[in-house]
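Here is the structure we will look at.
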Amino acid sequence: MDKDKKSLSLRKKRGKNTAKPKPVIGPPRQVPMPAMPGARVGQSTIPANAQPLGQVRAREKEKVADLVKRRMSTRFPVPGEMGGDIPAIPSIPAMPSIPAGAGAKLPMPGSERSGPGPAIDISVFRDPQFNADKFVATVLANSSDEEIKDYQRRLKDIRNRTSTDLQKNVFVNRTQFVIISKEIDKLKSEMRVLRTLLTDLHNTTDSLRTESSFSSANESASRRHANRSSVADLTALHMSHLQALWKAVEGAQKFLPSVPGRHIVLESKHWIELNAATWKPRRIVHMVLLNDHLLIATVKKKRVDNNTSGSQRSPHTKNVADKCWGLSEIEMVDLSTDAATARRGIVNAISLRIGKESFVYKNEDEEKKTELLRQFKKSRDELRKALRAETEDSLRRRDSVSFFAGRDPKLLEHGDLLNSLTAHGTGNSMFTVEGQSRNLRWVEGQMDELDEAIAHRKFEDAVASVSRLRALAQSLAKSNSLVSELIHLKLDERASKLAAIVTSDLVENPAQKTGVKNCINWLVRLDYEDRAREAFLEARGGTIKKRTRQVRFEGDVALYISQVALVQFTLIRNTVEIYNSCFEYRLASALVRWAKQHIDGYIELLERQLQTVDPGSKVWEDCMEITKIHSTMLVDAGLDFKELNNPSVGRKAELEVR
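Position 35 (the sequence shown) corresponds to 121 in the numbering used here; numbering is contiguous.
What follows is the structure in structure tokens.
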């Protein structure tokens with residue numbers, strides 16, 4: 087037994103030959119490292135209770151598997167199997183509606199504003215579908231009284247600035263229109279000169295073509311003979327004379343091109359040009375007098391060709407055009423009466439003065455000198471008459487139908503007046519004003535002054551000008567009906583425009599007594615009395631409604647009725663006084679009708695306030711007494727209001743004019 091016990095011992099004997107057991111290598115462990123430079127003190131990169139990496143990954147896998155199992159085991163209810171205990175999905179709240187054009191310009195919540203009130207966006211008011219009520223309800227819904235007043239003040243400032251800019255633009259546009267009209271007139275005159283030059287070029291080309299076609303001497307002689315014998319074809323005769331001049335005088339065509347009506351009056355030869363300082367002869371010249379120019383041609387020698395025979399030799403002299411002036415530029419003086427020339431023994435001499443230059447010519451034949459002086463004087467007088475007639479014709483063309491239609495396009499809408507102007511022309515456009523002769527151009531000047539007065543809001547001057555021109559048109563109705571009708575047409579358009587501006591001022595400021603009187607007086611003088619009466623009464627009615635709505639009801643019916651009665655009866659009395667001072671008494675029926683409408687409105691308001699009040703109570707009696715006291719203000723104005731003892735008979739109240 088002892089041996090067995092000993093054999094069962096847990097202790098093992100180690101002999102010399104027994105091998106040592108191998109050491110067991112455990113899993114890797116993370117060793118904490120020292121803190122790196124810049125790391126926070128007290129924080130460790132590895133927590134103290136760090137676990138081996140294998141265990142951490144195993145736990146993560148278990149968590150993921152658990153989540154997958156839960157997801158796969160979840161069962162969603164079918165719409166048909168849903169019970170009553172499952173709540174319904176909540177609905178999305180609706181956003182407040184914002185009008186187009188206005189809501190897009192509203193400031194976002196939390197945004198800053200430049201002023202105490204909402205910002206003003208001008209583009210919103212330019213929208214043709216702009217709705218004022220919706221805009222006010224949206225933009226000014228949460229604004230205070232001060233912010234609304236400030237918003238109104240800013241709108242008035244913008245309106246005043248816009249009105250001032252509009253007036254300035256009208257004045258600038260009118261100035262530019264006048265300048266452009268002058269430029270157009272200048273351009274017309276230049277185009278007329280260009281047309282004349284083109285006509286000259288065309289005639290010159292035709293003359294050259296005619297000269298080349300009639301090269302034969304026999305044909306030209308026969309044609310010249312036919313032209314001489316024909317009085318009707320005077321233009322062709324003048325053309326033939328000019329062509330002969332171009333052949334005889336070298337360079338004459340450059341100075342004297344073919345112009346309708348130009349012809350040769352006199353051709354005088356053998357004149358001697360003298361030095362104006364020494365009176366010594368210089369050269370021999372020929373003078374050609376035309377109806378509009380004087381041509382001086384110098385006689386020069388030609389080179390003689392010795393190879394030609396005597397019969398074929400041309401003349402030894404030729405005429406070369408040297409100077410040419412218009413008759414209106416020349417002053418021709420006979421030097422025979424000059425004592426200085428008589429002492430020098432110079433006779434039959436003339437002097438030509440052109441500006442600062444002076445030329446002296448002498449001829450041995452006294453008859454040639456006398457004939458030249460006589461024809462020159464006659465041609466210059468005829469030229470002056472032609473130029474004067476052309477100037478008058480130009481003025482008549484400027485006063486023609488096209489001119490006035492261009493300045494006033496609305497004239498095109500009146501076909502009868504245009505037909506009359508076209509049929510009679512401008513010969514009947516002259517008339518007398520205050521002893522002076524005037525034409526339609528003067529009428530246009532008066533209309534320009536009237537437009538300027540309207541643009542500068544000088545209403546008194548504008549109304550006086552309209553009255554004066556209407557009186558003038560009335561006086562011309564018998565003597566010159568065409569001018570009278572034209573003046574009436576232009577005045578009606580401008581008077582309507584002026585009346586619209588004055589009416590707008592009357593509606594905007596109906597409480598200013600002096601301004602209202604002036605506006606009504608202007609409208610009456612413009613023959614717009616009905617418009618003035620309607621605009622005035624409508625504006626005063628709007629004032630009564632506005633002041634009545636400003637009265638606050640704070641629970642005391644008698645106090646509220648007292649304030650409303652004071653406002654309405656006072657404004658009605660003031661309206662009657664202003665109306666009687668501005669209009670005639672024959673128009674009082676419109677005033678009585680207007681006053682009765684507002685009294686009926688007051689009775690309706692009184693009935694609504696006393697619906698819940700017992701008849702005969704103190705409040706009832708106070709309201710009736712207050713109404714009677716305030717209604718006595720109309721007695722002084724000529725109106726009497728009766729039968730207001732109780733609201734039941736209020737509908738039967740009458741207005742009587744004393």
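For each residue, glycine too, the CB sits at the ideal point set by N, CA and C.
query: Whole alpha helix (DSSP H) runs in the segment 564-641 with 4 or more residues, listed along the chain?
result: 567-594, 599-611 and 615-635
field: When Glu620, Ala597, Met516 and Ala618 are compared against Thr656, the one with the closest alpha-carbon
entry: Ala597
query: Between the beta-carbon of Ala644 and the beta-carbon of Asp708, is there less than 7 Å?
result: yes
- prompt: Which residues does DSSP pair with Ser437 in a beta bridge?
  reply: Val419 and Val446
- prompt: Using 8 Å as the threshold, is the segment 683-690 in touch with the segment 647-665, meaning 3 or more CB pairs across them?
  reply: yes
- request: Would you give the residue range spanned by the beta strand (DSSP E) that Arg36 belongs to?
  value: Residue numbering for the chain in the displayed model covers 87 to 744; residue 36 lies beyond these limits and cannot be assessed.
task: Taking 8 Å as the threshold, find out whether the segment 437-452 comes into contact with the segment 320-340 through three or more Cβ pairs.
output: no
Segment limits, beta strand (DSSP E) that includes Gln522: Gln522 to Arg524
message: Is it buried or exposed, Pro204, if we count other Cβ atoms within 10 angstroms and call 16 or more buried?
response: Looking at its Cβ environment, which holds 16 or more other Cβ atoms inside 10 Å, Pro204 is buried.
- prompt: Going by other Cβ atoms of all chains shown within 10 Å of its Cβ, with 16 needed for buried, is Ile573 buried or exposed?
  reply: Buried, since its Cβ has 16 or more Cβ neighbours within 10 Å.
query: Where does Gly724 sit, in a helix, a strand or coil, going by DSSP?
result: coil
- request: Tell me, to the nearest whole angstrom, how far the beta carbon of Val335 is from that of Asn405; I am working on the premise that it is less than 8 Å.
  value: 5 Å
task: State the DSSP-derived secondary structure class of Ile206, mapped to helix, strand or coil.
output: coil
field: Nearest-angstrom beta carbon gap, Arg580 and Asp537 [assumed within contact, 8 Å]
entry: 7 Å
message: For the pair the segment 585-601 and the segment 618-638, tell me if three or more CB-CB distances fall below 8 Å.
response: yes
Spatially closest choice to Leu287 from Lys274, Ala621 and Leu342, by CA coordinates: Leu342
message: Considering just the uninterrupted stretch of the alpha helix (DSSP H) at Phe221, what are its terminal residues?
response: Ala218 to Val225
- prompt: Skipping 5 residues on each side, what residues in its chain have a beta carbon closer than 7 Å to that of Ile270?
  reply: none
field: Simplified DSSP state of Ile647, which is helix, strand or coil
entry: helix
task: Output the boundary residues of the alpha helix (DSSP H) element that contains Val705.
output: Lys704 to Ser717
query: With 16 other CB atoms within 10 Å as the buried threshold, where does His356 fall?
result: exposed
query: Taking buried to mean at least 16 other C-beta atoms within 10 Å of its own C-beta, is Arg277 buried or exposed?
result: First, the residue type needs correcting, since residue 277 is Met and not Arg in the sequence shown. Its Cβ having fewer than 16 others within 10 Å, Met277 is exposed.
Nearest residue (CA-CA) to Ile416, options Ala435, Lys463, Val433 and Ile370: Lys463
field: With 16 other Cβ atoms within 10 Å as the buried cut-off, status of Val721
entry: The residue is exposed, with fewer than 16 neighbouring Cβ atoms inside 10 Å.
message: Check this for me: beta carbons of Ala585 and Leu609, under 7 Å apart or not?
response: yes
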